[in-house]
Structure formats: structure tokens, C-alpha cells
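One structure below.
Chains as they are written, first to last, in this note's numbering: chain G, 16 to 619; chain W, 263 to 602.
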């Protein structure tokens, strides 16, 4: 939203925010995503964010599409165009429209419009929906197509792109495509005949977004896991994580039948709760399966005790935490990055876990497969820390890339290996000096293969032990192993502006807003170097980056600056350089807030 | 992976480490019967896997079958652990050892869900009505009015584990008494042949905290009051069956999923263990009268197990090769094309 584009009289092209204010459960999602997809098909960078209530039907819900020729995908705080379909939120929603902005509203709304600095377009929703050839039950859903057609006409969205989007949405089912398209088309024609364009917002086709797809982070995570060879999934429904296992249930049967027998090479179990889902996953991980679960904060809390056991007994498994706002039930349908500290040390006693933090939807795919390699190589849990914003929203993202490394199953001894070793082995013996022991798997028929895994104190041969030295030696090895992980986890992404003394660190879904803030601060003459964390623990690149700056702002979507604290614990010598820029109100961070807060800090 | 070459085992192949439980603990007697049952059936020890939660009972898997893998998990959460592990290689026979504290309190949910899923494994509850490791508190199976040192009188009604299993649609439910080793052993053999969840609730006296006169979980009570429903013998599929050994009408036979036979010799009254209604009634009677009714309470051999529902290949999942697990690159191209 640079100032040049907002000059009076000029068109504002491909750079604005459209918000749809609707009633939850009214079927508006199809209409909203149709517009999102149509814009994407026109080559225009977009992002869509759903702000929905914890409710099935009736409460207000909003969907915002950001159109950005510059490719900024972060959240905007104000609306340029509002499509208001919900009388209940009408008055409040009006206040969010930027001056010079646009309001579309059904012509039967009785509410007074108390703004004279915006342009208004009434829509004959009822009349046009009535003409549609659908059952009365479907009429409400179809009514949303009226605003699709109106918006297409007034902004210049191609109706061919709308048709492509509908074809995808309804998986080629002609009747559904037709009944929706006809309504959109008649609204388009009505607008052409009856409305005069008075606003300045337009979309124009750009060059095709080749190499990009549109999907959500939970689907990407599920597909990445499938290409990582996931074999066992246990889960319990929780927003915003459920669609990840649901995507696994959808795609596993398509892609993971054994080529020879046609049988399943995987199993998915819906557990009775998260206490059980993690137990099943740890069991499967111990059994030698690539095992995973997906949950959110409350579920992760319930997994605490087994997470500690897995850390100590050295059982590989993958846990996806699609974060939402806590503490407690909190805001179940809103986004946050506020489980970082909990996941990092999940479990009682001395525990430190590996966290992978995807910074884009395509990275959700990548970390989907990578997480299994790391978990099995290091014989420990790997947490993939994503959030509602990535998990449940539609994003344009780079094509998924095929894994560039073969599956790494880690150190496993089968019958032939034990034969070769003459049966000499111990479950927790550090043979290679890398703190990573060897393991055997149930089903190994060598009489020397078996051991008893346990969360209780154990010696190198997995025998119960309360010996102080044995206990401490084992815990020391575990932290050595954790330090080895630093060189195995994905390193940070660093972008340098040269010898600048100020820097920004962020991670996960805060990246788009931070990148935008950084670009705009640069345009205003204030340059920042940049580092995006992709994992905990940190490698030396992170340390060196912080060391080479005077001030490092750590930007994240939580109250307490959790990653800032983890960095300060890792590098107490740099604690004074690290400045927390943290905030959570349930919405993704905006570039505007980041810029404002950093400038206020700089002014101090 | 199954080896059909008969291997001659000695009993020592099935033993574990020396027990660290109290002398005379009922759990030790149950461990011995697990060893005997596996030895007599000639099960390859490497084809068995042991699971337990937390408590005295849950320590005991260390004391049998050292050549079998095991996992000593968390309090009340052995069922989920066992379920996940057994998917790795469904040819393994799972034996879960739990206690009344582990199963009937924190573990009630996981226990009942394991049962309703009909997970193929043996689930033994070593039931002594008391918390041993924490030194003598009431458990959820302690009878109302039980007097314990330091605790006084138990104010609550007990949970009946066999009844809980039955109402959760268990396909094999038995009750036994650690002081009746032969019955324990035959029930374990039958349970190992069951293709589904096999729950055995074994009254297993705690000699340290709950073996006093009048306690429903004491040796004396069991010795005086145990009322077996039948005399049970297990006949493996390979053995020749000589039904003529039994007097006509005096036995009931149950054919197990693997072709083995459970022979139930009639005692005072005829009892049909395939009738769930009758099983519930007999448990209700036992509860009202403080009877220790033992035997095979209920069996339904031909219900699909959880594993049967998953259409898995014979090759264990944990022996699959990378090319069976990662789809080819062209599949990813299709995936990208499937996205918008």
C-alpha cells in the first residue's frame, strides 16, 4: 500500500484487501475461495485468511483476500473493499473500510450507511438467487455467487478464471459448476447493466504464477509425510490440526498401496484422546514405524508425559503442533506461535526437544518428510511447529519438491547385523561416539535382539538401574546427542543487506509480515539484515548472525516473546542485543504493526 | 518371517530376571504361569512382546520372557502403547500386564477403548485391590468397607474389571485366582490363541498390604471361596483331540480362531461361555454374594480383530523397504497438478 498508488484519481491496481463478512455456516467459503483462485489464475499474488468463530452456524465470520502485485502475503489491518452479507456485523464492519473504499451490500439491508467517504454498490441478492435453478435448500449457498459475479464485473476479474476455479472446487461435476456459474454470470450482467464504476480498485492480469500452487499447510504437511513414508498415524480431532490427519486419510489410500500386494503400507487410528494418540505413536515409533500425530496446544499438553518418556527412552516419532491461541481452551479458531516454549521442553525433568518450524506452506511439505529422517536418525521426537494461519488458510506457495535425499532410517540392527556383530550390542551403547546408539526392532528373531524399553532409569543395556553414575552418564549422552542435532536440522535462511548493525529474526507464519515490514522500512531508508529460524536447536550460523549485529529484533506472534527467550537461554552472552517484538491478539501479525513497533523501539 | 521348523525349547528360554517383588506376591505366581504356558505351547519367545504400565504388576514383565521385546510405559497408558507397537509386526503376540491401579483408575479409558477395538492381545490384570508400590492405599477394585492399615475403611464401591470388559464388548473375558495356577495357565494359553482382546482379571493377593483375614483379595479368601465355573483345558491345534476321554455331555468345546480347542469340563452347573447375558448375570451374582467366581466367563472367537480391519500385507510394516514407502517422483508431479 505504498503512497504512490493511493494518489487521488488514479486506479489502484492489484494492491488492496477484500473482506467478505458473512454468517458462519452459510456456505460463503466456496464463493470466497472461488474469487481467491480466480485471482491466482490471473497471475496476481494473493493470500486468503479466514477469521472464523468457534461455532458451526450463525456467528459472524470474515474472509479476507489480499491482492498484492508485489507478492506480499501478510495480513492487512484495514479493508479496501467490503462485501457485507451479515446484517449482524454490518455496523462494526463499516468502520474498517479505508476512506475511498468500497462497500457491496444486499439491497434489502435496512441499516443506515453512516459513511460518506466510501463508494457503495447495492446487490439484488434475493432477486438473482431466486432465478437460479436450484432447490430452495441450496438457494442460500447459491446467493453467495451473486457477490462473486458483482465483484468480477466491478474489479475486472475474468469470468473464465471464475469458471476454472468453480471447476476445481466441484471436481468437474458439471451440474454444480453450472448452477453456481449461472448465478455469478447473471450477477455480472446485472452489474454491467445497472452499476456505474465509481471506485478506483481494479485487477489486471499479470504473468502466470508458474511454479506456484495453491493449498494449505495441513494438506502440505500430510502430503510431505506421505512422501516421507509415514506408516502409522494416531490422532484425536482438534481445531486447527484435524485437517492434517484428514488429508492423510484422503491421500494415503491413493498413494500408499503396496505395489506388489495392493495392501496398505500404513495404518491410521483415531484415538480416544491425545493421551492415547501419543501412546500409540510412541509404540509404533518403538516398533520401527514412521509414526506421527497432529494436534494443537491442549492436545500437546496432554502428550507431555509420553513426550518425556520418548526423549528418555529414545523413541523416534513426529508430532505436528498446529498452534492456536492459548492458554486453556483460549481462542480455538485463532492463530498464535505460543507453544514454542512448551514444545521445546515438553516433559518433566531435563528435556529438550527438536523443533522444525516451516516458514511457508511448501516448507510444510518439505518438513513433512524431513522430520521422519531426523527423528529416526536421532532416535527422538521431532516437533513440527506450524499454526492455524499456515494450517487452515489457502496460500499460494512454491510447487512441492521431491525429496533430494533417500529415506534415512537411522541405526537399526536386524538379524544379519547381529550375526555380523556376533550378537554383541547394547541398546544405549554409544558405539560411534556420536551419542546415537543402535536399536533393534520387535520381530527381530535373533535371540540376542530383545530389550525392554522403559521410562525408568536404565543402563546401556536397557536394564533397570538406579545407579547415580549410570543415570547421569545417560543424561549427559542425551544432551550430547541434542548438540549433534544442531548440525543436522535445517539451518536458518539469512538475507544480508551488507554491513548493517540492525537485524530481524523471525520464524514460521510471521515471515510474510516481517519480510514486508523489512522491505518497506528499507524503502524508507532503514535497512535490516534478516534471519528466519527453521529449527531449534540452533546452529552456529544463528550465533554468528546475532554476534555480528548491535540490535536484533525477534518478531513473533505470542505475548511473552518465547523464541526470544529460547535464544537468550542459548546465547546468554547476547541477551542484551535481543529485543522482543511480540504480540498476539489471535490474528496473524501485520507489517504495519511490526514497522510501528520497531520504529518506536528505535526512537527509544 | 514365520519359521515353521519346530524348535526344541527348554523352559529356561522363557524365563526372565529374578523378581524384585515381595516373597509370596501373587504376581510372581502369574509370571511363572506365563512362562509355563509359553513353554508348553512352544511359542518362539521372539514372537512375543510384553507391555506394561506402572505399578508392582507392571514391573513383572522383566521377570519372564527375557528373549521377548518389551515396553514398560506410563501409568494407565499401556493399551495405547501396545496398540501402536503391534502394528509394526502383526505376527507378534502381545501380552499386556497391568494392575488394578493401572487399569481401573487412570487407565480405565484406555483399557475400555482397547477392548472395544478388539485389539488382538492378551490383557492380564494382576488385581490385588491395593496400591503396593506407594505402600498400601485403596485401589478402585477394593471392596467397600475394606480396612487397611493407615487408610481406615474404604468408603467407595469397587469397579469390577471383568464386567467393565464385558460391557465394552470384549470378545474374551476370564477371571482367575493366582492361587489356582493350573487354571491361570490354561486361561493364558487360550488367551494367546484368541484373535482379539483377551482380558484375564486375576485376583493376585498382595502379601504385604492386603492379605488380611476377610479381604476379598487375600489368599485365604480365594482358597476358601474360589468357585470355578468349569475345569478348563487348552488343546493346541497340532494335538490330537480325544473327546472320548470325556464323559458325554460333561464338556463344552470352544473352537478358537487358530483351530485350537478350549475344553470346559462341567462342574456343579452347566455354564455357556458364549452367552454374554449369562456372563453378566454370573458376575452380578458374584458381586452381590462376594463370590470369587473364576473361569472363562465369555468368549466370542470369530469377531474381526482391529488388525483384520486394516488390510495390511503379510510382510511386517517395520520390514518395508524405502521403495514401498516413498511414492515415485512422477506421483509428486501428479500431486502438484492436483493442487490449484
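C-beta: ideal position from N, C-alpha, C; glycine also.
Length of the line joining the Cα atoms of residue i and residue j
i              : j              : result
residue 48(G)  : residue 83(G)  : 16 Å
residue 230(G) : residue 52(G)  : 10 Å
residue 61(G)  : residue 534(G) : 18 Å
residue 380(G) : residue 232(G) : 8 Å
residue 270(W) : residue 295(G) : 35 Å
residue 320(G) : residue 289(G) : 11 Å
residue 272(G) : residue 308(G) : 20 Å
residue 449(W) : residue 592(W) : 53 Å
residue 368(G) : residue 122(G) : 56 Å
residue 295(W) : residue 390(W) : 17 Å
residue 542(G) : residue 515(G) : 7 Å
residue 16(G)  : residue 202(G) : Here the model assigns residue 16(G) a pLDDT of 40, short of 50, so the residue's position is not dependable and the matter cannot be decided.
residue 492(G) : residue 477(G) : 14 Å
residue 172(G) : residue 417(G) : 34 Å
residue 472(G) : residue 618(G) : 54 Å
residue 299(W) : residue 499(W) : 15 Å
residue 56(G)  : residue 539(G) : 32 Å
residue 598(G) : residue 575(G) : 8 Å
residue 472(W) : residue 374(W) : 26 Å
residue 338(W) : residue 343(G) : 24 Å
residue 149(G) : residue 39(G)  : 21 Å
residue 187(G) : residue 302(G) : 43 Å
Selected residue, minimal CA-CA separation from residue i, among the options
i              : options                           : result
residue 77(G)  : 440(G), 94(G), 482(G) and 250(G)  : 94(G)
residue 383(G) : 286(G), 214(G), 435(G) and 238(G) : 238(G)
residue 361(W) : 395(W), 591(W), 382(W) and 534(W) : 395(W)
residue 452(G) : 306(G), 206(G), 130(G) and 327(G) : 327(G)
residue 132(G) : 414(G), 336(G), 96(G) and 316(G)  : 96(G)
residue 29(G)  : 345(G), 219(G) and 69(G)          : 219(G)
residue 215(G) : 293(G), 118(G) and 227(G)         : 118(G)
residue 592(G) : 599(G), 598(G) and 583(G)         : 583(G)
residue 155(G) : 41(G), 228(G) and 559(G)          : 41(G)
residue 281(G) : 513(W), 524(W), 533(W) and 589(W) : 589(W)
residue 461(G) : 168(G), 477(G), 440(G) and 471(G) : 440(G)
residue 567(W) : 282(W), 524(W), 383(W) and 420(W) : 383(W)
residue 345(G) : 69(G), 395(G) and 26(G)           : 69(G)
residue 578(W) : 293(W), 304(W) and 347(W)         : 347(W)
residue 63(G)  : 355(G), 88(G) and 114(G)          : 88(G)
residue 436(G) : 472(G), 160(G) and 464(G)         : 464(G)
residue 406(G) : 265(G), 257(G), 511(G) and 475(G) : 257(G)
residue 604(W) : 351(W), 371(W) and 482(W)         : Since the first and last residues shown for chain W are 263 and 602, residue 604(W) lies out of range.
residue 163(G) : 545(G), 287(G) and 34(G)          : 34(G)
residue 224(G) : 86(G), 332(G) and 174(G)          : 86(G)
For residue j and residue i, believed in contact at Cβ under 8 Å, the rounded distance
i              : j              : result
residue 556(G) : residue 506(G) : 5 Å
residue 144(G) : residue 198(G) : 7 Å
residue 323(G) : residue 362(G) : 3 Å
residue 337(G) : residue 234(G) : No, residue 337(G) and residue 234(G) are not in contact; Cβ-Cβ is about 12 Å, not under 8 Å.
residue 364(G) : residue 343(W) : Actually they are not in contact, since the Cβ atoms of residue 364(G) and residue 343(W) sit about 19 Å apart, beyond 8 Å.
residue 329(G) : residue 394(G) : 4 Å
The ligand NAP heavy atom lying under 7 Å from the CB of residue i
i              : result
residue 414(G) : The ligand NAP is not among the ligands present in this structure, which contains no ligands whatsoever.
Cβ contact check for the segment 479–497 of chain W and the segment 515–530 of chain W: 3 or more pairs under 8 Å:
yes
Output the residue ranges of the beta strand (DSSP E) runs that lie fully inside the segment 561–598 of chain G and measure 3 residues or longer, sorted by chain position.
Residue ranges of uninterrupted beta strand (DSSP E) with 3 or more members, entirely inside the segment 561–598 of chain G and ordered along the chain, are 566–571 and 593–597.
Okay, do the segment 457–474 of chain W and the segment 268–288 of chain W touch, 3+ Cβ pairs below 8 Å being the bar?
Yes, the segment 457–474 of chain W touches the segment 268–288 of chain W.
Check whether the segment 323–332 of chain W and the segment 296–314 of chain W are in contact - that is, three or more C-beta pairs closer than 8 Å.
yes
Counting only runs of 3+ residues fully inside the segment 479–567 of chain W, write out the beta strand (DSSP E) ranges in chain order.
488–490, 492–497, 513–517, 523–528 and 554–561
So, do the segment 544–563 of chain G and the segment 489–503 of chain G have three or more beta carbon pairs nearer to each other than 8 Å?
With three or more CB-CB distances shorter than 8 Å, the segment 544–563 of chain G counts as touching the segment 489–503 of chain G.
Count Cβ pairs between the segment 453–462 of chain W and the segment 423–435 of chain W that sit closer than 8 Å; are there 3 or more?
yes
Evaluate contact between the segment 509–525 of chain G and the segment 566–584 of chain G, counting only Cβ atoms and requiring at least three cross-stretch pairs below 8 Å.
yes
Where are the beta strand (DSSP E) runs, 3 residues long or more, that stay fully inside the segment 191–272 of chain G, in chain order?
Within the segment 191–272 of chain G, the complete beta strand (DSSP E) runs of at least 3 residues are 227–230 and 247–250.
Segment contact, 8 Å Cβ cut-off, at least three pairs: the segment 402–411 of chain W with the segment 602–612 of chain G
no
For the segment 426–433 of chain G against the segment 368–378 of chain G, do three or more pairs of beta-carbon atoms, one drawn from each stretch, fall closer than 8 Å, so that the two count as touching?
With a cut-off of 8 Å, the segment 368–378 of chain G and the segment 426–433 of chain G do not count as touching, because too few Cβ pairs lie within range.
Just to confirm the assignment: which complete alpha helix (DSSP H) runs, minimum length 4, are found wholly within the segment 430–502 of chain G?
430–435 and 483–500
Can you list, in chain order, the stretches of the alpha helix (DSSP H) that have 4 or more residues and sit fully within the segment 268–345 of chain W?
288–303 and 318–321
Considering only residues of the segment 135–169 of chain G, which uninterrupted alpha helix (DSSP H) runs meet the minimum length of 4 residues and lie entirely inside it, listed in chain order?
140–146
Please list the segments of the alpha helix (DSSP H) lying wholly inside the segment 322–404 of chain G, counting only runs of 4 or more residues, in order along the chain.
355–359 and 376–393
Can you give, in chain order, each stretch of the alpha helix (DSSP H) that sits fully within the segment 87–134 of chain G and has at least 4 residues?
105–109
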